[in-house]
Amino acid sequence: MLAKKEGVLYLFVKQLYSELKDKIKQKQTTFGFEIEYLPSNIIDITHMDKLYQLMPKLGFRYDCCNFVSDSGLSVAFEPGGQIEYCSPPLYGSDYSLFRKLLKHIETTNEKIFHALNIKYLATDFIPGRANAPLCLQTKRYIALHNRLSRTGTRGKEMMKGTASIHLHVAFRCMDELLPIYKLLDGLSKSKQFSMSKHRRNIWNNTDPSRCVMPSIKFNSVKTTEDLLEHLVHHALCAEDLYENIPVYKLKELDFNYFKAHMTTIFTDVRLNLKGPTMELRTLDSMPACDIKKKWRFFTSVFDNDLN
Numbered sequence: 162m163l164a165k166k167e168g169v170l171y172l173f174v175k176q177l178y179s180e181l182k183d184k185i186k187q188k189q190t191t192f193g194f195e196i197e198y199l200p201s202n203i204i205d206i207t208h209m210d211k212l213y214q215l216m217p218k219l220g221f222r223y224d225c226c227n228f229v230s231d232s233g234l235s236v237a238f239e240p241g242g243q244i245e246y247c248s249p250p251l252y253g254s255d256y257s258l259f260r261k262l263l264k265h266i267e268t269t270n271e272k273i274f275h276a277l278n279i280k281y282l283a284t285d286f287i288p289g290r291a292n293a294p295l296c297l298q299t300k301r302y303i304a305l306h307n308r309l310s311r312t313g314t315r316g317k318e319m320m321k322g323t324a325s326i327h328l329h330v331a332f333r334c335m336d337e338l339l340p341i342y343k344l345l346d347g348l349s350k351s352k353q354f355s356m357s358k359h360r361r362n363i364w365n366n367t368d369p370s371r372c373v374m375p376s377i378k379f380n381s382v383k384t385t386e387d388l389l390e391h392l393v394h395h396a397l398c399a400e401d402l403y404e405n406i407p408v409y410k411l412k413e414l415d416f417n418y419f420k421a422h423m424t425t426i427f428t429d430v431r432l433n434l435k436g437p438t439m440e441l442r443t444l445d446s447m448p449a450c451d452i453k454k455k456w457r458f459f460t461s462v463f464d465n466d467l468n
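According to our numbering, the sequence shown is numbered sequentially starting from 162.
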């Protein structure tokens, strides 16, 4: 473990457990998605300004860092200009609403193309984007870009040349974290939900402290606390974006900073503190007709195993 920093590990596990437990509200299993699309051509800050101005005209009001529609569908943008659509929480039985959200996404992409001539593609990877302009200029993304310019060989391509689909499962009680994590871990390795060869090669050569799954032997992990210990340990050992040393070595480290750091961990399966949910991050971006098939299978797996 972390030798001198074991106290931080167990303190953060305790705080994380408590915070997750307090956030749980739902009594039924809910699901969610994040779907990214890549611009067909390289875009820059000028294009981003036009996109930001356009979104309210398309029915998306600005809310913090995202644009949100009345249906709960939200839009955010990624460092390569990728557009990312995020759903509200959905029940597995909400298939008609799911289809309406996909249709809304397709319509929005079409309107963006007609207004700005920016065509968004449902594809996993477009080569030649490593040195494209960084479309998000916040301190976090500049630091991440600087780091991925030094670690591995393909981190800048990951940021600006890939697009994925993340599928979320919300847990109804703390005891569900471990079985959900196990199921997602299995799906991430399956033919139906694993990354394409292009994206996997990029992920394997991006940042080993951020993109490699924690080593977990499930036969020795019996409780939610056991799982959280592994996840917290893994994040503590990942290098800080700004200091470039493992986070547990920072002189001053509080829990809020650690939580922000956890959002920079890009493993195949990840705990998402917003929901809170567990998310599967391996699916490649794909056309809506293929997403529908994945979604139905995904929700059925968890409805059958958790209910």
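Note that beta-carbon positions come from the ideal geometry of N, C-alpha and C, so glycine has one too. Please read all numbers here as calculations on a predicted model, not as lab measurements.
Check                                                                                                                                                               : Outcome
Using the three-state DSSP reduction, which class does Leu441 fall into: helix, strand or coil?                                                                     : strand
For Ala276, which residues from the same chain have a beta carbon less than 6 Å from its beta carbon, with the 5 sequence-adjacent residues on both sides left out? : Leu215
Restricting to Cα atoms, I'd like to know which of Ala396, Glu440, Gly436 and Glu337 is closest to Thr425.                                                          : Ala396
Do Thr384 and Gly316 have their C-beta atoms closer together than 8 Å?                                                                                              : no
Can the beta-carbon of Arg442 be found closer than 8 Å to that of Arg431?                                                                                           : yes
Kindly confirm or deny that the region 180 to 188 and the region 258 to 265 touch, where touching means at least three C-beta pairs closer than 8 Å.                : no
Where does Met320 land, buried or exposed, given buried means 16+ other C-beta within 10 angstroms?                                                                 : buried
Check Asp451 in the structure and name its three-state DSSP category.                                                                                               : helix
Go through its chain and collect everything with a Cβ distance to Asp382's Cβ below 6 Å, but skip five positions before and after it.                               : Checking the displayed sequence, the identity of residue 382 turns out to be Val instead of Asp. Excluding positions up to five away in sequence, the list reads Leu388.
Determine whether the beta carbon atoms of Val229 and Tyr409 lie at a separation below 8 Å.                                                                         : no
Given that a residue counts as buried once 16 or more other Cβ atoms are within 10 Å of its Cβ, and exposed if not, what is Phe259?                                 : buried
Tell me the start and end of each unbroken alpha helix (DSSP H) in the region 288 to 372 that is at least 4 residues and wholly inside, in chain order.             : 300 to 309, 316 to 322, 338 to 349, 358 to 365 and 369 to 372
Count the other CB atoms, across all protein chains shown, that sit within 10 Å of the CB of Tyr198; report buried if there are 16 or more and exposed otherwise.   : buried
Which runs of the beta strand (DSSP E) fall wholly inside the region 390 to 429 and span at least 3 residues, in chain order?                                       : none
State yes or no: is the C-beta of Asp445 within less than 8 Å of the C-beta of Ser351?                                                                              : no
Go through its chain and collect everything with a Cβ distance to Met423's Cβ below 6 Å, but skip five positions before and after it.                               : Ala396
Identify every residue that forms a DSSP beta bridge with Asp224.                                                                                                   : Asn227
Should the region 296 to 313 be called in touch with the region 341 to 349, which here means at least 3 C-beta pairs below 8 Å?                                     : no
Beta strand (DSSP E) containing Glu239: first to last residue?                                                                                                      : Looking at the DSSP string, Glu239 is not in any beta strand (DSSP E), and its letter there is neither H nor E.
Indicate whether Glu400 and Val174 have their beta-carbon atoms separated by less than 8 Å.                                                                         : no
By alpha-carbon positions, which one of Asp255, Thr284 and Phe238 ends up nearest to Pro448?                                                                        : Thr284
Could you check where the alpha helix (DSSP H) with Ile244 kicks off and where it finishes?                                                                         : That residue, Ile244, is in no alpha helix (DSSP H); its beta strand (DSSP E) goes Ile244 to Cys247.
Around the Cβ of Arg222, are there at least 16 other Cβ atoms within 10 angstroms (buried) or fewer (exposed)?                                                      : exposed
Quick one: what does DSSP say Gly160 is sitting in, helix, strand or coil?                                                                                          : The structure shown does not extend to residue 160, since the chain is modelled only from 162 through 468, so no value can be given for it.
Between the Cα of Tyr171 and those of Phe332, Val393, Ala331 and Gly241, spot the shortest distance and give me the residue it belongs to.                          : Val393
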